[in-house]
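S.K.: Dropping a structure here in structure tokens format, bear with me for questions.
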Amino acid sequence: SKPKIKIQNMVASANLHSKIDLETACDVLDNLMYEPEIFPGLIYRMKDPKTVLLLFSSGKLVCTGAKNEEMVNESVTKMYEILQDYDLLFTD
Numbered sequence: 004s005k006p007k008i009k010i011q012n013m014v015a016s017a018n019l020h021s022k023i024d025l026e027t028a029c030d031v032l033d034n035l036m037y038e039p040e041i042f043p044g045l046i047y048r049m050k051d052p053k054t055v056l057l058l059f060s061s062g063k064l065v066c067t068g069a070k071n072e073e074m075v076n077e078s079v080t081k082m083y084e085i086l087q088d089y090d091l092l093f094t095d
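Sequential numbering from 4 applies to the sequence shown in my numbering.
Here you go:
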């Protein structure tokens with residue numbers, strides 16, 4: 004019989020085409036860790052969907068922990084809306 008394959012974890016990257024104010028994000032968002040002297044990305048733990056997003060000041064992000072593409076899309080879209088709502092996105 005054929006092997007049974009099940010996706011356990013997806014990793015995806017995205018570009019928001021805007022810079023992200025990570026310092027201010029620390030003041031207004033919960034469920035995050037940001038220690039730029041150790042790692043340049045802000046680590047954000049999203050509760051629903053249950054994923055982890057690594058945000059970089061360049062506007063790039065990595066989404067991990069998703070079980071499928073729908074979870075990735077939902078997480079990235081939700082994160083983008085959160086960043087917009089708190090006015091954390093800007094262009095040079």
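Even for Gly, the Cβ is constructed at its ideal location relative to N, Cα and C.
With a 10 Å radius around its C-beta and 16 neighbouring C-beta atoms as the bar for buried, classify C29 as buried or exposed.
M.R.: Translated into positions along the sequence shown, residue 29 becomes position 26. Its Cβ having fewer than 16 others within 10 Å, C29 is exposed.
S.K.: Using the three-state DSSP reduction, which class does N34 fall into: helix, strand or coil?
M.R.: As a working mapping, residue 34 is identified with position 31 in the sequence shown. N34 falls in the coil class under three-state DSSP.
S.K.: Are three or more beta carbon pairs between the stretch 20 to 28 and the stretch 52 to 65 nearer than 8 Å?
M.R.: yes
S.K.: For the alpha helix (DSSP H) containing K76, list its first residue and its last residue.
M.R.: If you number the sequence shown from 1, residue 76 lands on position 73. According to the sequence displayed, residue 76 carries Asn and not Lys. It spans 72 to 88 - the alpha helix (DSSP H) in which N76 sits, taken as one unbroken run.
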